[in-house]
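Asks: Residue 20 in numbering that gives the first Met the number 0 sits at position 21 of the sequence shown; the count goes up by one each step and never skips.
Every residue gets a Cβ at the ideal spot worked out from N, C-alpha and C, and that includes glycine.
Since this is a predicted model, take the numbers as computed values, not measurements.
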Amino acid sequence: MEQTKQTTKSPVVREYKIGDITYIVKAVVKDGVKEDAATKVRRLIQNDLNREKSPV
0 MEQTKQTTKS PVVREYKIGD ITYIVKAVVK DGVKEDAATK VRRLIQNDLN
50 REKSPV
């Protein structure tokens, strides 16, 4: 059975305050990612804003 060794690094943790909302972002580097951290943060914030606007 083939085993792959993965090295674990501590994530980089940052806080971003936008308006009254504080976003805590943990960044971990992985091979083969399709979007960078800035793009992901923008997407998550946009999804959060869209969720607030839509009635549940």
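According to DSSP, is K25 helix, strand or coil?
Replies: Three-state DSSP puts K25 in a strand.
Asks: May I ask you to list the residues that DSSP assigns as paired with R13?
Replies: DSSP lists V24 as partners of R13.
Asks: So E14 packs on I23, CB below 8 Å; how close in whole Å?
Replies: Sure, about 5 Å apart at Cβ, within 8 Å.
Asks: Can you tell me whether DSSP reads E34 as helix, strand or coil?
Replies: Coil at E34, not helix or strand.
Asks: Taking just the CA atoms, how far does E34 sit from R50?
Replies: Approximately 22 Å, taken between the alpha carbons.
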